[in-house]
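In our numbering, the protein residues as written are 503 to 791.
In C-alpha cells:
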C-alpha cells in the first residue's frame with residue numbers, strides 16, 4: 503500500500519526551474535519515460551497545476567489516470583474551469599496558495615464547487631496551519647500541505663482534516679531536494695543564511711544517522727512522510743532513476759515497519775534539535791533568481 507500512497511508532482515516536469523537542491527528540467531523523452539514508468543510501478547495519482555508550465559499537457563499525453571490540478575483564486579474568480587488538458591483525467595481541483603480571506607470567501611468557494619461538481623473532490627493547497635484550518639472550515643474535500651522532517655507545522659492540522667473527512671495530501675518530503683540532492687553552490691544566496699545553515703546542520707546529522715541505520719537520505723525522509731496521517735505524499739523527480747529510488751524506498755517502508763520505529767524516533771530527535779524556521783514557497787524564491 504505504500505507505493506499506492508505516492509503522488510507524483512509535476513512542477514519539475516513543466517517548469518524550466520524547480521527546487522533548490524536539484525537538477526534542471528528533464529528532456530521530452532525523459533518526461534514521457536518518467537510518467538509511463540510511474541504508472542507501471544503502481545503510482546496512480548499525479549499532482550499538477552495551471553502554474554506548472556506545460557505539465558498538464560504531458561500528463562494528458564502519458565494518459566495519467568488520476569490527476570489533481572490547481573488553480574489560483576484569481577483564475578477561479580475569472581471563471582476558469584479546467585485548464586488546457588481538458589476534463590477527462592482530472593479527479594480533483596484545488597485552490598493554489600489561497601489566503602485565509604480567500605478560503606472564507608463564500609462566493610469563491612461556491613464558484614469552485616459549482617464548476618467542479620463532477621469531480622471526486624475540490625480542495626486547497628496551502629502553506630500555513632491557519633490556511634489549512636480555514637480550508638477545513640470551508641468544508642472542502644481535500645487539502646495539500648507541506649510536511650517534512652524540518653517542517654512539521656501541520657502534524658495537528660493533518661489530524662484535524664482527517665477527523666473532518668478531508669483527503670490529505672502532503673508535499674515536499676525532501677524539501678524540494680534540499681534534504682537529499684546535491685546542493686547548489688549558491689545555496690546561501692538562494693535560500694538566505696538562516697535556512698541554509700539549518701539545512702547544512704541537519705544534513706550532517708542525517709548522514710550520520712543514516713549510516714548507523716543502513717538507510718539512504720531518500721529512505722529516511724520518505725519514511726517520515728509516509729508515517730504521517732496523510733493519504734498521499736506528493737514528491738517530484740527529474741529522472742527515471744530518481745523515481746525508481748523513491749518507489750524502492752516506499753516498498754522498503756512497507757516491509758520494514760519494525761525497523762522504522764527506532765529510526766523514526768532518532769530522526770525526530772535530530773530534527774527537533776534544529777531551531778524552527780518558517781518555510782515559504784522555495785520554488786518562487788528560485789524563480790526570482
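Using N, Cα and C, we set each Cβ at its ideal position, and we do this for glycine too. This structure is a prediction, so every number in the text was calculated from the model and none was measured.
Report the rounded CA-to-CA distance for residue 600 versus residue 735, giving the unit in angstroms.
So the alpha carbons of these two residues sit roughly 20 Å apart.
Looking only at its chain, what residues have a beta carbon closer than 7 Å to the beta carbon of residue 785, apart from the 5 residues adjacent to it on each side?
Any reading at residue 785 must be qualified, since the residue scores a pLDDT of 44, below 50, and its modelled position is unreliable; no value is offered.
Which term fits residue 587, buried or exposed, when burial requires 16 or more other beta carbons within 10 angstroms of its beta carbon?
Note that residue 587 scores a pLDDT of 46, beneath 50, so its modelled location is shaky and nothing firm can be said.
Going by beta-carbon coordinates alone, are residue 626 and residue 656 separated by less than 8 Å?
The answer is no: Cβ separation not under 8 Å.
From residue 523 to residue 745, what distance separates their C-alpha atoms?
A caution first: residue 523 carries a pLDDT of 49, below 50, which makes its placement in the model unreliable, though a value can still be read off. Taking the straight line from one Cα to the other gives about 16 Å.
Going by the CB atoms, is the gap between residue 707 and residue 772 shorter than 8 Å?
It is a contact, given that the beta carbons lie within the stated cut-off.
So, with DSSP's three-state summary, where would you put residue 538?
Helix at residue 538.
Taking only runs that begin and end inside the segment 630 to 660, name each unbroken beta strand (DSSP E) of 3 or more residues, in chain order.
Runs found: 644 to 648.
So who's on the other strand from residue 511, going by DSSP bridges?
In the DSSP output, where bridge partners are listed per residue, residue 511 has 549.
Can you say whether residue 641 is buried or exposed, counting buried as having 16 or more other CB atoms within 10 angstroms of its CB?
Residue 641 is exposed by the Cβ-count criterion.
Indicate the three-state DSSP secondary structure (helix, strand or coil) for residue 594 in the structure shown.
Note: residue 594 maps to strand in three-state DSSP.
Assuming residue 765 and residue 700 form a contact by the criterion Cβ under 8 Å, report the distance between their Cβ atoms to the nearest whole angstrom.
Actually they are not in contact, since the Cβ atoms of residue 765 and residue 700 sit about 21 Å apart, beyond 8 Å.
Would the beta-carbon of residue 609 be found less than 7 Å away from any heavy atom of the ligand FMN?
Within the structure as shown, the ligand FMN is missing, as the structure has no ligands at all.
Tell me, please, whether the segment 655 to 675 touches the segment 605 to 618 by the rule of three or more beta-carbon pairs shorter than 8 Å.
Too few Cβ pairs lie closer than 8 Å, so no.
Are residue 570 and residue 594 touching if we call contact CB-CB under 8 Å?
The answer is yes: Cβ separation under 8 Å.
Assuming residue 505 and residue 749 are in contact, meaning their beta carbons sit under 8 Å apart, how far apart are those beta carbons, in whole angstroms?
With a Cβ gap of about 6 Å, residue 505 and residue 749 count as contacting.
Which one or two residues does DSSP pair with residue 627 in a beta bridge?
In the DSSP output, where bridge partners are listed per residue, residue 627 has 598 and 646.
Contact check, residue 574 vs residue 552 under 8 Å by CB: the rounded distance?
The pair is a contact, with the Cβ atoms about 7 Å apart (cut-off 8 Å).
Compare the C-alpha of residue 761 against each of 739, 742, 671 and 725 and name the closest.
Answer by Cα proximity: 725.
Could you pull out every residue in the same chain whose Cβ sits closer than 6 Å to the Cβ of residue 516, ignoring the five residues on either side in sequence?
Closer than 6 Å at the Cβ level, and outside the excluded window around residue 516, lie 554, 555, 556 and 557.
Just to confirm before moving on: does the CB-CB distance between residue 671 and residue 709 stay below 8 Å?
No, these two residues do not count as a Cβ contact at 8 Å.
Compare the Cα-Cα distances from residue 576 to each of 605, 561 and 592 and report the closest residue.
Nearest option by C-alpha distance: 605.
Since residue 737 sits in a beta bridge, which residues does DSSP pair it with?
The partner list for residue 737 (beta bridge, DSSP) reads 510.
To the nearest angstrom, report how far apart residue 758 and residue 721 are at their CA atoms.
Their backbone Cα atoms lie some 11 Å apart in a straight line.
Considering only the alpha carbon of each residue, which of 527, 565, 713 and 756 lies closest to residue 508?
Looking at the Cα atoms, 756 is the closest of the given residues.
DSSP on residue 701, reduced to helix/strand/coil?
Helix at residue 701.
I'd like to know whether the C-beta of residue 701 is nearer than 8 Å to at least one C-beta of chain D.
Protein chain content of the structure displayed is limited to a single chain, and chain D is not contained in it.
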